[in-house]
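Numbered per the working numbering, the sequence shown spans residues 820 to 1289. Here is the structure we will look at, set down as C-alpha cells.
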Amino acid sequence: MKQKVAYLILGFFLAVTTAAAQTPNPQDTLDKARINGYKFNTGTLQDILTNYLQVAAKNITSTNTSLQLKLNWFALNSMDSADKYNNINFLRTGWQRNGEFTTSVGVDKNNNFNSWQGGFTYNFLNRRDTSMAFYTKAYLRPFAEEDAIINAVVTQASPGVSVQLKPLLTAWLTGLYNNGQPIKEFKKQLGASVPDMFQHTSSDDAMANYLVTQFNNDLKARQPLGPAMTRRIQDFADYVAIEIVTGPLNAYIRSLGKTPLKYANYITPAQTTTLTTFIDQQVAQNAYLNGTLKATTLTELNKKVIADYNALVRYVGRQPLLTAGYLYTYGKGSMLSSHVGSINFLYGTGSWNTLKTGQIKASLTDTLNSNDPTGKLRNFKRNIVSLQVGYNQVLVMQKKVSVMELSGALELNNATSGYVSGTNKSKFYFDAFFRARLPSTPWLKFDLKWDPKDGNVLGFFDFTYNLDKP
C-alpha cells in the first residue's frame, strides 16, 4: 500500500510539473517582463547605462571623431545565453547589470589617431532591474493559487477517467496473458491498442516498469492475474488519469483561459464545461484572486494580471537611476589627456498608463585636463566642474518602443583651477538634443550647444546602436 501511495504521489507531481513545462510558466513571464522592460528604456537612459552592449560613433561631423564601446558587466558573464537568463541565475546577477565598462578610440580630421579612453560606470539604485520582486509578487503568487485550483480539478475529474481506463487495461493485459505474450515494448504496444493513454511525460517509464514487472513475473510463474496485478492496474490507471486531466488543464489555466480547455478522449464536452464552471467558482472563492485581485472568473483574472503586468513594466521603466563613473582620456595634439569623474541622475515622470514618458536628468562632472587647444602645454592642470540639468521627452512610440526623443538642458561650467587670463571663468550654455530611429535600429542623435553670451552654436552628430540581449 505504501508503494502504491508513493507512486501515485510521484506520478502526480511529475505529471503536473511536466505538463506545466509544456505551457507558459512563471519563467516565461518573467523573461517577457524583462524584455519588455528593456523596450521602455529610452535612448537617454542607455546613454547613462547600457542594457548589454552599445556601439557609438561620436561627434561624426566634428574634427575629432571617436568610436565608443560600452559593455554592461552582465555581458561579460561567462555563462551561455540559456543559463545566463535562467531566472535563478538572472536574480543572482543583478549587481552585474548595474555596471559597465567604456572604451573608445578617436581620430582627427585627417583620420590620424589622437585619443584613447577607458572608464567605468556603476548604478547605485538597483530599481530598474525587471528581475526584482515586483514581478515575482505579480506572477508567482497567482500561479501558486492556480496550482491549488489545478489540484482541486484533478481531484474532481481524474477518478472518472480512471474508471474508464481500468477495464481497458485489464482487457488488454488479460489478452496478452492468455496468449502467453510477454511485454517487451510496453508503451508502443499499449499505444497501438489503447490510443491517447500515454501523455509522453518523463515519469511514464517509471510507471510502465511498475506495471510490466508484475505482469512478466506473473506470466513467467504461470500464475493467473491476481490481486497484486489488479492493484498495479488500478495504480497505473489512476496515474494515467492524472496525466490526461492535467495536460490540457495546465495549458488552460497557465494561459489564464486563452488556450481552450479541450480533451480528445475520456472527458466529454459537457464534462469539460462543468470543469470550466468549477474553475471559475474556485477563482471566485479564492481569498487572493477574488479578494485582492477582484477576479470572479478566469477571464477576469487574465485581464487583471495583464493590466498589472503592463503597469509594472512602466513602473520599472520610470524608476530613478543614480550612477557614478570615471573616464580617463589619453590624448595627442589638441586632444589632451584628462580625468573625468561624473555623477548622473535620471528619473521618469508621468502616469503608469502613459507610454510616452518624460525624464528629469541631472549630471555633475569634474574634469582635470590640459585644456590648451594648441597642444603646446601638456600639463596645464585645468579643472572644470560642470553641472547640467534638463528634461527628456519621448515624442513617438512604435511597437511600444521609443523611436523619437527631444531633450533640453541648462549647463554651467566653472573653471576651479588653471584659469586662463582673458577668458571667462564660468560659462553658461543651453543644450538641445534630438534623437530618432526605427524600432531595432541605431539611434541618430543631433546635439546643439548654444553659448548665449558669445552667440556661438556648436552642433554634433552621434550614431548609436544598442544590443539588449545576445
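All residues carry an ideal CB built from backbone N, CA and C; glycine is no exception. Here the structure is a predicted model, which means the values were calculated and not measured.
query	result
Let me confirm a value: M898 is counted as buried when at least 16 other C-beta atoms fall within 10 Å, else exposed. Which label applies?	exposed
Would you call the CB atoms of L1108 and V1102 closer than 7 Å?	yes
Which of the three DSSP states, helix, strand or coil, is assigned to G1227?	strand
Have a look at Q915 and T921 and give me their C-alpha separation to the nearest angstrom.	15 Å
Considering only the alpha carbon of each residue, which of F1253, N1243, Y1284 and N1285 lies closest to D1273?	N1243
What residue range is occupied by the uninterrupted alpha helix (DSSP H) comprising S897?	That residue, S897, is in no alpha helix (DSSP H); it is neither H nor E in DSSP.
Take P1001 and list the residues in its own chain whose beta-carbon comes closer than 7 Å to its own, dropping the five residues that flank it on each side.	N1035 and L1038
Would I1063 pass as a contact of Y1085 if the rule is Cβ separation under 7 Å?	yes
Within this structure, are the beta carbons of T1148 and Q936 separated by less than 7 Å?	yes
Measuring only the C-alpha atoms, how far is R1254 from Q1104?	51 Å
Our contact map puts F943 next to A1143 with C-beta atoms below 8 Å; I'd like the distance itself, whole angstroms only.	7 Å
Which same chain residues, not among the five before or five after T1115, have their C-beta less than 8 Å away from its C-beta?	D1099, V1102, A1103 and N1109
Measuring only the C-alpha atoms, how far is T1096 from R960?	22 Å
Return the bridge partner residues of S977 from the DSSP annotation.	Per DSSP, none; premise fails for S977.
Check whether the Cβ atoms of G1209 and G1237 lie closer than 7 Å to each other.	no
Are the CB atoms of I1072 and E965 within a distance shorter than 7 Å?	yes
Near D1250, which residues of its chain fall below 6 Å by C-beta distance, leaving aside the five closest residues on each side in sequence?	A1228, E1230 and K1268
Alpha carbon to alpha carbon, how far is S1333 from R911?	Residue 1333 cannot be examined here, being either before or after the span of the chain that is shown, 820 to 1289.
Mind the definition here: the segment 1150 to 1161 touches the segment 1122 to 1141 only if three or more C-beta pairs lie below 8 Å; say whether that holds.	no
Using the Cα positions of T842 and I1061, report the straight-line distance between them to the nearest angstrom.	For T842, the predicted structure reports a pLDDT of 36, less than 50, and the residue's modelled location is therefore unreliable. The matter cannot be settled from this model.
In this structure, does DSSP put A1114 in helix, strand or coil?	coil
Assuming N1285 is part of the beta strand (DSSP E), what are its boundary residues?	N1275 to L1286
Does the Cβ-Cβ distance between Y871 and N896 come in under 7 Å?	no
Going straight from the alpha carbon of L1183 to that of N1233, what length do you get?	11 Å
Using a threshold of 6 Å, is the CB atom of N998 nearer than that to any non-hydrogen atom of the ligand ZN?	With respect to the ligand ZN, the structure shown offers nothing to examine, as it has no ligands at all.
Considering only the alpha carbon of each residue, which of D1024, T989 and L987 lies closest to E1004?	D1024
Span of the beta strand (DSSP E) holding V926?	G918 to V926
Skipping 5 residues on each side, what residues in its chain have a beta carbon closer than 8 Å to that of V1276?	L1267, K1268, W1269 and D1270
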